[in-house]
Amino acid sequence: MYSAAPGVSTKVECGTLGALLAPVDIHRFRTTIRRLHALFAIYASTCPVPLPSPGLIITPEIRNQCELYLPVDEIAPIFNRLYSAALTYPPILSSTPFHNSMSWADSFAALPTQFQSSVNPARLLEALLSDSTLLTRFLFASFLPGRFYGGIGRYPGQQQFIGEWIKSRGSGILNCLDAACGTGEESYALALQLSAGGFPPDQIRVAGWTLEPLEVWAAAHRTLPHDPGREALLRGATSTLLQQGYGRSISFRCVDLTRHPVSPHVPECDTDGAGHFDLILCNGLLGGPILHEKEQLYRAIGNLAELLAPGGILLAANNFHGGWKQKCPQKNLRALFEAYGLKDVEYDGGIGGLKLHQQPTPRQTAAKGHRQHQVPRLDDAVAQVLVQHQRHRGG
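Following numbering that gives the first Met the number 0, the numbering of the sequence shown begins with 0 at its first residue and continues without gaps.
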């Protein structure tokens, strides 16, 4: 389980990144590169439509011609092999420009401009293998694509709610979790709000969780090799926070929310798996393109509800809920929250749930001889809650 904490040492940054990246032997790709050159030569000399270029709209004709002479099924496995060779852990390929791509032309169009110097995939592969700095930027661009992130302050309605929540809290340590932290912007934004609310560094704990190790590294070191502009914004917004000592109250690590139980494997949680966090954020994940399959969704929400302390709040704001990326309606998510014992919390721009009391953990339930962690079925517990919501809201 990879983890890292905020720091400012360049030496430390390079050392921890070295634990994630591996040197790639260019000789392993020589034959592959020659084959790609040959395929591209046929494509370029035969294709009657314009070749893909930066900014060109990929039409069905361009896509079909590209697939005819330069099929993406030939190219994607090569770059997937590069990802596997360049990383010390199994890559999560769903974010890359080759995942579910309809053609090489579409993959090329999805690449940042710094990787579009040649439409020949062999040229790109040669450039990446001969320049480790360019390869590093390519890896970050592939696994941390800009479309996943919105910067600090992406959900103003949620931030307003959190501000009021902070005012209502008394003294004592606040344990908070950003359960889909990405590159850390929302985690730092939460720490900034807690600081502005009068909580000193030794009275807050902010944990950021994600599946992607490169996100953990980027969040902890506030470094985005592929996107210096966004990196400058992140560092500018958080420099004072770290200078005031809040860095020691923030941590990032890889955690799979769909794994059960989560808590015994995570140092921030109680060893018995009991609820721990006073506030959990889970933005841009639940019900979207990354996590929407029923069993995974149930397990993730069940884990989040279990991780809450009594009186704790789970907040989920997702820009895709109003757009084309929506996979699970908000009413179903609200029903799932309620099915797991969370009272509906209203705020602008998202959904929330309040945990009113401590429920038995799976370990405690198993010790009593009961079945361990049952996921509710949509057509019983969740469906009943949906009916109740429809009655209350006139649906």
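Quick reminder that beta carbons are idealized off the backbone N, C-alpha and C, glycines included.
query: Among HIS98, GLY301, LEU133, which one has its Cα closest to the Cα of PRO224?
result: Position 225 of the sequence shown holds residue 224. Cα-wise, what sits closest to PRO224 is LEU133.
- prompt: Exposed or buried, which one is ILE300 when buried takes at least 16 other CB atoms within 10 Å?
  reply: One-based indexing of the sequence shown puts residue 300 at position 301. Flag for ILE300 reads buried.
Boundaries of the beta strand (DSSP E) in which ARG204 is found, first to last residue: Locating residue 204 in the sequence shown gives position 205, counting from the first residue. ARG204 -> beta strand (DSSP E) spans 203-209.
- request: Kindly give me the distance between the Cβ atoms of TRP208 and ALA178, rounded to whole angstroms, as I take these residues to be in contact under 8 angstroms.
  value: Looking up residue 208 in the sequence shown gives position 209. Looking up residue 178 in the sequence shown gives position 179. Rounded to the nearest angstrom, the Cβ distance from TRP208 to ALA178 is 5 angstroms, consistent with a contact under 8 angstroms.
Bridge partners - PHE276, DSSP secondary structure assignment: By 1-based counting over the sequence shown, the position of residue 276 is 277. Paired residue(s): LEU307.
task: Could you check if HIS275 is buried or exposed, using at least 16 other CB atoms within 10 Å of its CB as the buried criterion?
output: Sequence index remark: in the sequence shown, residue 275 carries index 276 (1-based). Under this definition HIS275 is a buried residue.
- prompt: If PRO51 sits next to ILE61, beta carbons under 8 angstroms apart, how far is it from one beta carbon to the other, in whole angstroms?
  reply: Along the sequence shown, read from residue 1 onward, the residue named residue 51 stands at position 52. Along the sequence shown, read from residue 1 onward, the residue named residue 61 stands at position 62. Confirmed, about 7 angstroms.
- prompt: Would you call LEU123 buried or exposed, if buried means 16 or more other Cβ atoms sit within 10 Å of its Cβ?
  reply: One-based indexing of the sequence shown puts residue 123 at position 124. Burial call: buried.
- prompt: Any idea if GLY394 is buried or exposed, counting beta-carbon neighbours within 10 angstroms, 16 or more meaning buried?
  reply: Translated into the one-based positions of the sequence shown, residue 394 becomes position 395. Residue confidence is low: GLY394 scores 44 on pLDDT, short of 50, so the model does not pin down where it sits. Its coordinate-derived value is still stated next. By the 10 Å Cβ count, GLY394 comes out exposed.
field: Spatially closest choice to ILE312 from GLY352, ASN331, CYS175, by CA coordinates
entry: On the sequence shown, residue 312 is found 313 positions in, with the first residue counted as 1. Selected option, being the one with the closest Cα: GLY352.
Where LYS367 falls: helix, strand or coil (DSSP): Working through the sequence shown from its first residue, we reach residue 367 at position 368. The predicted position of LYS367 is uncertain, since its pLDDT is 44 and thus under 50; a value taken from the coordinates is nonetheless stated next. Three-state result, LYS367: coil.
- prompt: In chain order, what residues of the same chain have a beta carbon less than 8 angstroms from the beta carbon of SER170, not counting five sequence neighbours either side?
  reply: Reading the sequence shown from its first residue, position 171 is the one you call residue 170. Correct list, in chain order: GLN202.
field: Classification of GLU163 by the beta-carbon crowding that lies within 10 angstroms, buried from 16 upward
entry: Residue mapping note: residue 163 aligns to position 164 of the sequence shown, counting from 1. Exposed.
field: HIS24 classed as buried or exposed, judged by whether at least 16 other C-beta atoms fall within 10 angstroms
entry: Within the sequence shown, numbered from 1, the residue matching residue 24 stands at position 25. Contrary to the premise, residue 24 reads as Asp rather than His in this sequence. Exposed: under 16 other Cβ atoms inside 10 Å.
task: Quick one: grab the DSSP three-state call for ARG34.
output: In the sequence shown, residue 34 corresponds to position 35, counting from 1. In the structure shown, ARG34 sits in a helix (DSSP, three-state: H, G or I).
query: Which whole-angstrom value describes the C-beta separation of ASN317 and VAL261, a residue pair presumed to lie in contact below a C-beta threshold of 8 angstroms?
result: Counting from one through the sequence shown, the residue named residue 317 turns up at place 318. Counting from one through the sequence shown, the residue named residue 261 turns up at place 262. Between ASN317 and VAL261 a beta carbon distance of about 21 angstroms is seen, past the 8 angstroms cut, so the two are scored as non-contacting.
- request: Report the residue from LEU92, ALA85, PHE142 whose alpha carbon sits nearest the alpha carbon of GLY127.
  value: On the sequence shown, residue 127 is found 128 positions in, with the first residue counted as 1. Strictly speaking, residue 127 in this sequence is Leu, with Gly absent from that position. With distances taken between Cα atoms, LEU127 lies closest to ALA85.
message: Would you call the segment 192-200 in contact with the segment 220-238, where contact means no fewer than 3 C-beta pairs closer than 8 angstroms?
response: no
- prompt: Do the CB positions of VAL205 and ALA218 come within less than 8 angstroms of each other?
  reply: Residue 205 sits at position 206 when you count from the first residue of the sequence shown. Residue 218 sits at position 219 when you count from the first residue of the sequence shown. Result no, Cβ atoms of VAL205 and ALA218 do not sit closer than 8 angstroms.
CA nearest to the CA of MET101, picked from CYS65, ILE161, ARG34: As a first step, residue 101 must be located in the sequence shown, where it is residue number 102. Minimum Cα distance to MET101 is reached at CYS65.
- prompt: Roughly how many angstroms separate the alpha carbons of ILE279 and LEU341, rounded to a whole number?
  reply: Locating residue 279 in the sequence shown gives position 280, counting from the first residue. Locating residue 341 in the sequence shown gives position 342, counting from the first residue. If you take the alpha carbons of ILE279 and LEU341, they lie about 13 angstroms apart.
task: Tell me whether PRO111 sits in a helix, a strand or coil according to DSSP, three-state version.
output: By one-based count along the sequence shown, residue 111 stands at place 112. Note: PRO111 maps to coil in three-state DSSP.
field: Own chain partners of SER83 with C-beta closer than 7 angstroms, once the 5 adjacent residues on each side are dropped
entry: Reading the sequence shown from its first residue, position 84 is the one you call residue 83. Cβ within range, chain order: PRO90.
- request: Grab the span of the alpha helix (DSSP H) containing LEU232 for me, first residue to last.
  value: Position 233 of the sequence shown, counted from the first residue, corresponds to residue 232. In the DSSP annotation of this structure, the continuous segment of the alpha helix (DSSP H) that includes LEU232 starts and ends at 227-242.
- prompt: In chain order, what residues of the same chain have a beta carbon less than 7 angstroms from the beta carbon of TYR148, not counting five sequence neighbours either side?
  reply: Indexing the sequence shown from 1 puts residue 148 at position 149. Cβ neighbours of TYR148 beyond the five flanking positions: GLY181, THR182, GLU184.
- request: For PHE251, collect the residues of the same chain with a Cβ closer than 6 angstroms to its Cβ; drop the 5 residues on either side in sequence, then sort them by chain order.
  value: If you number the sequence shown from 1, residue 251 lands on position 252. So the qualifying residues of the chain are ALA3, GLY207, VAL215, ALA218, ALA219.
query: ARG136 lies in the beta strand (DSSP E); which residues open and close that run?
result: Here the question's residue 136 lines up with position 137 in the sequence shown. From DSSP, ARG136 is part of no beta strand (DSSP E) but of the alpha helix (DSSP H) over 131-142.
- prompt: In three-state DSSP terms, what is GLU73?
  reply: Position 74 of the sequence shown, counting from 1, holds the residue named residue 73. Here GLU73 sits in helix by DSSP.
message: Please classify SER116 as buried or exposed, where buried requires at least 16 neighbouring CB atoms within 10 angstroms.
response: Position 117 of the sequence shown, counting from 1, holds the residue named residue 116. That one is exposed.
query: Going by beta carbon distance, what residues of the same chain come within less than 8 angstroms of GLY156, once the five residues before and after it are set aside?
result: The residue labelled residue 156 in the question sits at position 157 within the sequence shown. Closer than 8 angstroms at Cβ, skipping near neighbours: ALA316, TYR346, ASP347, GLY348, GLY349.
- request: Please work out which residues of its chain come closer than 6 angstroms, Cβ to Cβ, to PRO96, disregarding the five sequence neighbours upstream and downstream, and give them in chain order.
  value: Taking the sequence shown and counting its residues from 1, one reaches residue 96 at position 97. The beta carbon of PRO96 lies closer than 6 angstroms to those of SER106, ALA109, LEU110 in the same chain, with the five residues before and after it left out.
query: On the three-state DSSP scale, how would you describe ARG221?
result: Here residue 221 corresponds to residue number 222 of the sequence shown, with the count starting at 1. Correct three-state label for ARG221: coil.
query: If you draw a straight line from the alpha carbon of PHE114 to that of PHE137, how long is it in whole angstroms?
result: For this step, residue 114 is matched to residue 115 along the sequence shown. For this step, residue 137 is matched to residue 138 along the sequence shown. In a straight line, the C-alpha of PHE114 is about 8 angstroms away from that of PHE137.
field: Collapsed DSSP secondary structure at ILE172 in the structure displayed
entry: For the purposes of this step, residue 172 is taken as the residue at position 173 of the sequence shown. Correct three-state label for ILE172: coil.
field: Collapsed DSSP secondary structure at LEU213 in the structure displayed
entry: As a first step, residue 213 is located in the sequence shown; it is residue number 214 there, counting from the start. Correct three-state label for LEU213: helix.
task: Check whether the Cβ atoms of LEU173 and ASP277 lie closer than 8 angstroms to each other.
output: Residue numbering aside, residue 173 sits at position 174 when the sequence shown is read from its first letter. Residue numbering aside, residue 277 sits at position 278 when the sequence shown is read from its first letter. A Cβ-Cβ contact shorter than 8 angstroms links LEU173 with ASP277.
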